[in-house]
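Student:
There are 2 protein chains.
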Amino acid sequence: MLTDLSIRGFIMELASSSPAPGGGSVSALAGANGAALLNMVLNLTLGREKFADVEAELAPLKDKTEALYERLVNLIDIDTEVFNEVMAAFKLPKDTEEQKKERSVKIQEAYKKAADVPLEVAERCLEVLRLCPIIAEKGNPNALSDAGVAAQMAYAGLEGAVMNVKINLSSIKDEEYVAAAREKVAAFLKEGAEIKDRVANYVNERL
Amino acid sequence: MLTDLSIRGFIMELASSSPAPGGGSVSALAGANGAALLNMVLNLTLGREKFADVEAELAPLKDKTEALYERLVNLIDIDTEVFNEVMAAFKLPKDTEEQKKERSVKIQEAYKKAADVPLEVAERCLEVLRLCPIIAEKGNPNALSDAGVAAQMAYAGLEGAVMNVKINLSSIKDEEYVAAAREKVAAFLKEGAEIKDRVANYVNERL
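Protein sequences appear in the order of chains H and X.
UniProt numbering puts the first residue of the first sequence at 1, with every later residue one more than the last.
UniProt numbering puts the first residue of the second sequence at 1, with every later residue one more than the last.
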């Protein structure tokens with residue numbers, strides 16, 4: 001699995017002439033980095049007397065940041081798997097009319113899965129972003145830049161994932177599916193950009 | 001070394017209660033991902049008859065993207081090392097006046113190193129961004145979203161690194177050093193944001 005590779009090994013694999021892993025897995029990794037950074041800020045805040053006044057508000061967020069980085073790490077692998085399924089569908093036989101039909105159905109199914117995964121990555125990145133303002137504002141101020149970086153990573157993951165949704169949508173013939181996905185990503189981007197800008201302003205004003 | 005950890009292991013280490021690695025190493029990783037993605041797009045373009053007309057223009061960029069991801073991967077480790085040096089300087093003895101003076105000098109030196117590293121990360125991320133427009137526009141269009149994701153990652157790495165420069169500058173007493181660094185990061189951010197927006201528009205219009 002990709003996520004068993006070392007950081008160095010992942011970068012080499014990414015840089016190689018193989019189209020997978022690509023931008024989809026990288027977007028999931030950015031989101032995972034964001035969620036893990038938020039989890040670190042919580043770890044540097046919770047249980048310390050100095051920050052006792054925010055303990056009750058921040059403590060319930062820790063399970064959320066943990067679940068988000070765990071899911072996003074898995075999505076690094078899943079994105080590359082579904083990309084490879086598209087490639088595999090194109091290699092199905094197309095000698096008879098029946099085979100052609102079957103191949104076409106499989107290709108469409110594979111493209112939908114390949115769009116669904118970055119759609120989930122985008123949504124998870126948005127969930128990471130939604131946790132950034134409160135953690136930046138109430139977490140340990142020594143880790144303020146870490147909360148700021150978390151928002152940058154989650155937003156880059158969101159916008160990168162949306163690009164990966166769109167490149168797959170361009171091959172999907174189911175118009176209802178495409179319209180619904182386009183509507184979702186537009187809403188994700190709008191909310192995500194607002195949060196990212198708000199967190200960046202908050203952090204930069206205080207650094 | 002951090003970069004010998006698996007992706008999964010790095011995320012766990014990041015999420016832990018140890019303040020290092022933190023946002024500085026994550027910013028370098030984002031830049032490395034951007035440079036590696038550009039290198040992949042070049043690998044999917046160069047040497048193919050279909051893209052023979054851009055071969056001469058794109059071929060010289062490959063050494064650059066390679067050098068950038070190699071350096072940025074090293075900077076993941078270096079950022080955490082210099083952060084740990086700041087922590088170590090604070091632990092120096094301060095029993096005598098001489099020790100106090102010496103400790104104070106060492107702390108200031110360590111903070112400058114801890115600012116210099118994200119300053120380099122920011123500059124390298126900007127160098128990655130500068131390569132994005134031509135690779136997005138002339139590289140293999142099947143990898144257009146990858147070039148788009150590269151710009152997102154490089155920009156998030158740049159803005160994240162700048163936050164890490166600033167948090168260290170706040171502890172540096174050398175006003176000339178601080179003023180010069182602030183001027184640099186402002187110029188990096190301005191140029192970087194322009195390129196990122198330009199690439200995002202180009203890619204999104206075509207997806």
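We treat Cβ as the ideally placed atom computed from N, Cα and C, and that holds for glycine.
1) Relative to the alpha-carbon of V203 (chain X), which residue among H:K184, H:K190 and H:G160 has its alpha-carbon at the smallest distance?
2) Closer than 7 Å by beta-carbon distance: list the chain X residues that pair up with V26 (chain H), in chain order.
3) Could you name the residues of chain X that P133 (chain H) contacts, counting a contact when the two beta carbons are closer than 7 Å?
4) May I have the straight-line CA-CA distance separating V41 (chain X) from E49 (chain H), to the nearest angstrom?
5) Looking at the structure shown, is S145 (chain H) part of a helix, part of a strand, or coil, going by DSSP?
6) By DSSP's criteria, S6 (chain X) is part of a beta bridge. Which residues make up the other side?
7) In the DSSP assignment, the alpha helix (DSSP H) including G24 (chain X) goes from what residue to what residue?
8) Please report the distance separating the alpha-carbon of I7 (chain H) from that of E97 (chain X).
9) Closer than 8 Å by C-beta to residue 210 (chain H): which residues in its own chain qualify, once you throw out the five before and the five after it? Chain order, please.
10) So with CB distances below 7 Å, who are the chain H contacts of Y69 (chain X)?
11) Would you please verify whether the beta carbon of M87 (chain H) is less than 9 Å from any beta carbon of chain X?
12) With DSSP collapsed to three states, give me the class of K91 (chain H).
13) Would you identify the three-state DSSP class for M153 (chain H), choosing helix, strand or coil?
14) K64 (chain H) CB to nearest chain X CB: under 9 Å?
15) Strictly under 9 Å for the Cβ-Cβ distance: is L19 (chain X) near chain H by that measure?
16) For L126 (chain X), collect the residues of the same chain with a Cβ closer than 7 Å to its Cβ; drop the 5 residues on either side in sequence, then sort them by chain order.
17) What beta strand (DSSP E) runs, 3 residues minimum, are completely inside the stretch 59–105 of chain X?
18) In chain H, which residues lie less than 8 Å from N84 (chain X) when you measure between Cβ atoms?
Tutor: Looking at the atomic coordinates:
1) H:G160
2) Correct list: N33, L37, V149 and M153.
3) Ordered by position in chain X, no residue passes the 7 Å Cβ test against P133 (chain H), which lies about 15 Å from the chain.
4) If I take the Cα positions, the gap works out to 51 Å.
5) helix
6) According to DSSP, S6 (chain X) bridges with H:S6.
7) G23 to N43
8) 45 Å
9) Residue numbering for chain H in the displayed model covers 1 to 207; residue 210 (chain H) lies beyond these limits and cannot be assessed.
10) Correct list: I11 and A15.
11) Judged by the 9 Å Cβ criterion, M87 (chain H) is not in contact with chain X.
12) Coil, per DSSP.
13) helix
14) no
15) Looking at the sequence provided, one finds Pro at residue 19 (chain X) rather than Leu. Put simply, the CB of P19 (chain X) is near chain H, with a gap under 9 Å to one of its CB atoms.
16) L158, F188, E191 and G192
17) none
18) Correct list: empty, because the minimum Cβ distance to chain H is about 15 Å.
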